[in-house]
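Going by the numbering used here, the first residue of the sequence shown is number 190, and it counts up by one from there.
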Amino acid sequence: MGGSHERSAAYGPGHGLLPADTTEDVRTRGADVSRQIAVLPVGSHEQHGPFLPLATDTLVACAIARAVADSYPVHLLPPVTISCSHEHAAWPGTVSISSVTLHAVVRDIADSLRRSGVDTLVLVNGHGGNYVLGNVVQEASARGERMALFPAPEDWEAAREHAGVVTSLLTDMHAGEIETSILLHTSPEVLRPGYETADHVSDDRRHLLTTGMSAYTDSGVIGRPSLGTAEKGRELLASLADSFGAYFSLLTSDG
Numbered sequence: 190m191g192g193s194h195e196r197s198a199a200y201g202p203g204h205g206l207l208p209a210d211t212t213e214d215v216r217t218r219g220a221d222v223s224r225q226i227a228v229l230p231v232g233s234h235e236q237h238g239p240f241l242p243l244a245t246d247t248l249v250a251c252a253i254a255r256a257v258a259d260s261y262p263v264h265l266l267p268p269v270t271i272s273c274s275h276e277h278a279a280w281p282g283t284v285s286i287s288s289v290t291l292h293a294v295v296r297d298i299a300d301s302l303r304r305s306g307v308d309t310l311v312l313v314n315g316h317g318g319n320y321v322l323g324n325v326v327q328e329a330s331a332r333g334e335r336m337a338l339f340p341a342p343e344d345w346e347a348a349r350e351h352a353g354v355v356t357s358l359l360t361d362m363h364a365g366e367i368e369t370s371i372l373l374h375t376s377p378e379v380l381r382p383g384y385e386t387a388d389h390v391s392d393d394r395r396h397l398l399t400t401g402m403s404a405y406t407d408s409g410v411i412g413r414p415s416l417g418t419a420e421k422g423r424e425l426l427a428s429l430a431d432s433f434g435a436y437f438s439l440l441t442s443d444g
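So this is what it looks like as structure tokens:
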């Protein structure tokens, strides 16, 4: 993954969801790159049916961010673990913050990074309901700051095709083939029994923002988790890491 871009040997090992860098690791890695880039996983704490954990989106965002950090000289940050999950409020365990708060948190992190010499931030979003992150990036770019949102739908589509994921991105909306596959690969111990028989399709969700998820699913699942495999999860992450190459080139260019 990642072509000719190699991670610095100073990159520390991970501990769960948290990177284990020291300040010397950050200093050493930063000395070898033309532009400092930090990668921030943004997850959520929301229902994912009876078999995936509430932290699924955080686990997925961290898996993607770590695959990127294993292939490119970037600074891996700890995740934002609670975000905008209001459409899942009908299920116990779901916790949300407002879009205004999430916007402020990301902007504060970007400001702090710039003060310490890291002028570029990539948001690795694991939750589709975090619409405000697109606005954060738009506004930052308009101010002349360097920020990006990853993965784009095109990156997910390329990863889906590369990994042999059968379910379309429209159908694979929540706790489906993609998320189940990634967790089977990276964190199989967190899955509970039942994903093999939990498939539920609801492609017409035009009133989702008005009614919430509960209008479209009783279980909380929309997709085909029964098709998930660890091999698909591995290939999804490999493809996404390769797709990040275009972002890395864009963000490190002087244009």
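In this text, a Cβ means the ideal position worked out from N, Cα and C, and glycines have one as well. Since the structure is predicted, the reported quantities are computational estimates derived from the model, not experimental observations.
Distance from the CA atom of R255 to the CA atom of H396, rounded to whole angstroms, is 35 Å. Taking the C-beta atoms as reference points, I226 is found nearer than 8 Å to T309.
In the three-state DSSP reduction, I286 falls in the coil class, being neither helix nor strand.
Bounds of the alpha helix (DSSP H) holding N324 are V321 to A331. Going by C-alpha positions, G409 is about 34 Å away from A329. Closest option to C273, judged by alpha-carbon separation, among T283, L265 and P267: T283. Apart from sequence neighbours up to five positions away, the residues of its chain that approach L322 with a beta-carbon distance below 6 Å are L312, N314 and L338, ordered along the chain. When the beta-carbon positions are compared, Y405 and R413 stay at least 8 Å from each other. Beyond the five residues adjoining it in sequence on each side, P242 comes within less than 6 Å, by CB distance, of V379 in the same chain, given in chain order.
Per DSSP, the beta bridge partners of V231 are V269 and N314.
Look at M336 here: in three-state DSSP terms it is strand.
Under the three-state reduction of DSSP output, H363 falls in the strand class. Considering only A244, A209, S260 and G232, the residue with the shortest C-alpha distance to L426 is S260.
Here S370 is buried. Its C-beta has 16 or more other C-beta atoms within 10 Å.
Looking at the DSSP output, T309 shares a beta bridge with I226 and R335. In the DSSP assignment, I411 falls outside any alpha helix (DSSP H), carrying neither H nor E.
Per DSSP, the beta bridge partners of L241 are H237.
Within the DSSP secondary-structure output, H389 pairs in a beta bridge with G412.
In this structure the segment 288-303 does not lie against the segment 414-423, because fewer than three pairs of beta carbons, one per stretch, are closer than 8 Å. The alpha-carbon of V307 is positioned some 8 Å away from that of R224. Per DSSP, the unbroken alpha helix (DSSP H) holding L426 starts and ends at A419 to T441. Spanning the alpha carbons of Q236 and D443 requires a straight line of approximately 42 Å. Secondary structure of H264 (DSSP, three-state): strand. Following the DSSP letters along the chain, one finds W345 inside the alpha helix (DSSP H) bounded by residues P342 to A352. Rounded to the nearest angstrom, the gap between the Cα atoms of A250 and V294 is 17 Å. With respect to T356, E366 sits close: the two C-beta atoms are nearer than 8 Å.
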